[in-house]
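A.B. asks: Structure incoming, see below.
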Amino acid sequence: MSLVLHNSLSGKKEPFTPIDPNRITLYVCGPTVYNYIHLGNGRSATVFDLLYRLLCELYPTVVFARNFTDVDDKINAAAKEQGVDISDITGQFIQAYDEDMAALGNLEPSLKPRATEHIDDIIKTVSALIERGFAYESEGHVLFSVGAMPDYGKLSKRNIDDMIAGARVEVASYKKNPMDFVLWKPSTDDLPGWQSPWGVGRPGWHIECTAMIQAHLGETIDIHGGGSDLIFPHHENELAQGSCCSDHSGGYANYWVHNAMLDIEGEKMSKSLGNFIVLRDMLAQQPHELVRVALLSAHYRSNMNWSEQLIHQSRSLLDRLYTIKRDSQNIATSKVENFIELPFAQMLLDDLNTPKAFAVLHELTNQFFKASDDSEKAQLKSEINAICDFLNIAQLDANDWFQGQASDDAISAEQVEALIEERKQAKKNKDFARADAIREELLERGVEIKDTREGTLWSRIA
Ligand SMILES: [Zn+2]
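Below you can see the structure in the form of C-alpha cells.
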C-alpha cells in the first residue's frame, strides 16, 4: 500500500502523489511566540512529526518547514505590558517552543523561518498581489480583495455572501468588502514597523506563510498542514494569496492536512473552564514518552480526549515495551530491512491511522509474552524495536523507566536498593520471615520486586 492522506480541499482521502518524488515539500504553521504552548498545540506538532517521519521512510528528501510568527499584535501587547522589545518576548518563547518539541521527542524541521526575517519576501508577495489586481491599498493598509478571486472559500467550503451576511463586526472604513483581509498594516512609532511602498508598517498574519513558502519551498508545495482551527480564515487566506500571487498553473498546496482538537475529560479545553493545560506543565507531571504516546493514540482527524484513562493506557503500553526491553536482554535482534512493509507501517500509510497502528504494536507485545522459543521472540523483538525507534518511544533505559516515576514523597531508589540488599542477606542467613517482610514493605511503598537469574529487578507500580 502507498500513502493515502485525507485532503481538506477535496474532503476525501486521496493517494499521495508528490510533485517531485526526490524532494517532498511539507509546510506546517507554527506558533505565534508570546506564551507557552498548550497540550493541543503539542498534539498538532506531534501529529506532523509523525507524518514527517513517515514521509522520510518513503522518500529520499523531505523539506519540512515550520514557521515562527514573531510579529503579531498579541506579541506587541505582551511587549508593551512588560516594557520590553518584541524580540525579548519572541526570543524567550521560541526557545521554550524548541525545548517543548525536544521534550516531546519531535524531530527538528528542515527549516524554521521567522516572519521578521522575511519582510522583503512579504513585501514582494504583497506587491505582486497588487500588480495582479488581487489587492489594493487603502489608508496605509493593503487588503486582499476576496471579490477578485472567484473561488475564494473553497478550502473552508464557505460562500462569501453567507460570510458577509453572518459578519457582525463593524466594517473598517478602509475595506471595500467586509471579507477583505489585511496583507499589510500601518505602524505607529510605538509599534514594530518596516519601510514599505505603503509607508512604515507590518505584515498581516496570513501573508507571512505564503511569502515564506514561496521563498523556501516553491510555488506549489506537496502538503500544507496545521490544526483544523486554522482552516478559516488563516489557510483559506493563505490559499487565496498563494494562488493569486503568480501565474503558476499548479495550486498553492496539493494536500491540505488538518488535525482535530484536543478535549480535556470530555470538555473543550479553555481558560474559562479552568481546564487549560500548558504542555510543559504536563511534561513536568508525566514522563515525556507517555505524553507522546498519548498525543498520538487518537486518529489525528478525531477530537482527542485527554483523560486519566488515556494516561493510564499510555503508561500501560510503555510498561509492556519496557518490560520486553528489560527482560529480554539476552535475545539478539536484527535490523528490520523493510519497515514500510510492516503491518504497523501499513496502518500509518492509511491516513496516519494511529489507533490501528498502536493496536498492532499492542498485539506484537502480546505475542512476545506468549512466545516460547527464542527465535520467535527475536523476530518479534526486532519488529517492536523498529516500531519504537520510528515512533521515538521506549528509548530510555528500562530501569530508568520503571524506577524513575517516583513522586516527591515516594521511597528513593537508594532506599529500595538498600532494602533489596538487606533482603539478599536475610535470605543468605535463611531468615525468610525477614526477606518476606521486606518484600511486603516495598510493595506497600509502591515497589514491586522480581527475582531473576540476573538478580533482583524492581519497578514502581502506578
Ligand atoms: Zn500559516
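Numbering (our numbering), first residue to last: 546 to 1007. For every residue, glycine included, the Cβ atom is placed at its ideal position computed from N, Cα and C.
Taking Arg598 as part of the alpha helix (DSSP H), name the residues at either end of that continuous run.
C.D. replies: Leu584 to Leu603
A.B. asks: Is Gly749 near Ser732, with beta carbons less than 8 Å apart?
C.D. replies: no
A.B. asks: Less than 7 Å between C-beta atoms, sequence neighbours within five positions excluded: which residues of the same chain meet that for Val727?
C.D. replies: His686, Leu688 and Gly749
A.B. asks: So is the beta-carbon of His833 under 7 Å away from any non-hydrogen atom of ligand 1?
C.D. replies: no
A.B. asks: At which residue ranges does the region 737 to 777 contain complete alpha helix (DSSP H) runs of 4 or more residues, listed in the order of the chain?
C.D. replies: 750 to 761
A.B. asks: Could you please give the first and the last residue of the uninterrupted alpha helix (DSSP H) stretch that includes Phe689?
C.D. replies: Not the alpha helix (DSSP H): Phe689 falls in the beta strand (DSSP E), residues His686 to Phe689.
A.B. asks: Following the continuous beta strand (DSSP E) through Asp808, name the residue where it begins and the one where it ends.
C.D. replies: Secondary structure note for Asp808: its beta strand (DSSP E) is the uninterrupted segment Leu807 to Ile809.
A.B. asks: Using CA atoms only, rank isn't needed, just tell me which of Ala939, Ile938 and Val961 is closest to Gln948.
C.D. replies: Val961
A.B. asks: Cβ of His793 within 7 Å of any heavy atom in ligand 1?
C.D. replies: no
A.B. asks: Could you check which residue in Ile667, Ser553, Leu600 and Pro832 has the C-alpha nearest to that of Pro565?
C.D. replies: Correcting the residue identity first, residue 565 is Asp in this sequence and not Pro. Closest by alpha carbon: Leu600.
A.B. asks: Identify the residues that DSSP records as bridge partners of Thr910: which are they?
C.D. replies: None; Thr910 has no bridge partner.
A.B. asks: Among Arg837, Asn782, Glu986 and Ser957, which has the Cα closest to the Cα of Met646?
C.D. replies: Looking at the Cα atoms, Arg837 is the closest of the given residues.
A.B. asks: For Glu921 and Glu602, what's the separation of their Cα atoms in angstroms?
C.D. replies: 26 Å
A.B. asks: Can Ala829 and Leu855 be called in contact, C-beta distance under 8 Å?
C.D. replies: no
A.B. asks: Can you say whether Leu818 is buried or exposed, counting buried as having 16 or more other CB atoms within 10 angstroms of its CB?
C.D. replies: exposed
A.B. asks: Report all residues from its chain with a CB closer than 7 Å to the CB of Ile766; omit the five preceding and five following residues, and keep chain order.
C.D. replies: Thr570, Tyr572, Ile758 and Ala798
A.B. asks: Counting by C-beta, which residues lie closer than 5 Å to a heavy atom of ligand 1, in chain order?
C.D. replies: Cys574 and Cys754
A.B. asks: Apart from the five residues just before and just after Gly738, which ones in its own chain have a Cβ nearer than 7 Å to its Cβ?
C.D. replies: Ser732, Val745, Gly746 and Arg747
A.B. asks: Enumerate, from N- to C-terminal direction, the unbroken beta strand (DSSP E) stretches of 3 or more residues contained entirely within the region 777 to 836.
C.D. replies: 798 to 804 and 807 to 809
A.B. asks: With contact counted as at least three CB pairs below 8 Å, one residue from each stretch, are the region 842 to 861 and the region 898 to 905 in contact?
C.D. replies: Taking a cut-off of 8 Å for Cβ pairs, the region 842 to 861 and the region 898 to 905 touch, as three or more such pairs fall below it.
A.B. asks: If distances are taken between C-alpha atoms only, which option among Tyr581, Pro560 and Ile634 comes closest to Phe821?
C.D. replies: Tyr581
A.B. asks: Using the C-alpha atoms, what's the distance from Gly587 back to Gln640?
C.D. replies: 15 Å
A.B. asks: Examine the Cβ distances between the region 672 to 680 and the region 643 to 663 and report whether three or more of them are shorter than 8 Å.
C.D. replies: no
A.B. asks: In angstroms, rounded to a whole number, what distance separates the CA positions of Asp643 and Phe613?
C.D. replies: 11 Å
A.B. asks: Three or more C-beta pairs under 8 Å: does that hold for the region 978 to 991 against the region 929 to 949?
C.D. replies: Proximity of the region 978 to 991 to the region 929 to 949 falls short of the contact definition, fewer than three beta-carbon pairs being nearer than 8 Å.
A.B. asks: Of all the beta strand (DSSP E) runs that stay within the bounds of the region 831 to 893, which reach a length of 3 or more residues?
C.D. replies: 849 to 851
A.B. asks: Between Trp801 and Ser553, how many whole angstroms is the CB-CB distance? I'm expecting something under 8 Å.
C.D. replies: 4 Å
A.B. asks: Which class does Tyr681 belong to by DSSP, given the choice of helix, strand or coil?
C.D. replies: Three-state DSSP puts Tyr681 in a strand.
A.B. asks: Given Val716, which residues of its chain have a CB within under 8 Å of its CB, disregarding the five upstream and five downstream residues?
C.D. replies: Pro723
A.B. asks: Flag this pair as yes or no: are the beta carbons of Thr591 and Asp615 separated by less than 8 Å?
C.D. replies: no
A.B. asks: Which residues in the same chain have their Cβ closer than 7 Å to the Cβ of Ala693, if we skip the five residues on either side of it in sequence?
C.D. replies: Gly678 and Phe679
A.B. asks: Any idea what DSSP makes of Lys973, helix, strand or coil?
C.D. replies: It is helical.
A.B. asks: What does DSSP give as the partner residues of Trp1003 in its beta bridges?
C.D. replies: Ile994
A.B. asks: Does DSSP put Phe561 in a helix, in a strand, or in coil?
C.D. replies: coil
A.B. asks: Measure the C-alpha to C-alpha separation of Gly556 and Ile1006 and round it to an integer number of angstroms.
C.D. replies: 45 Å
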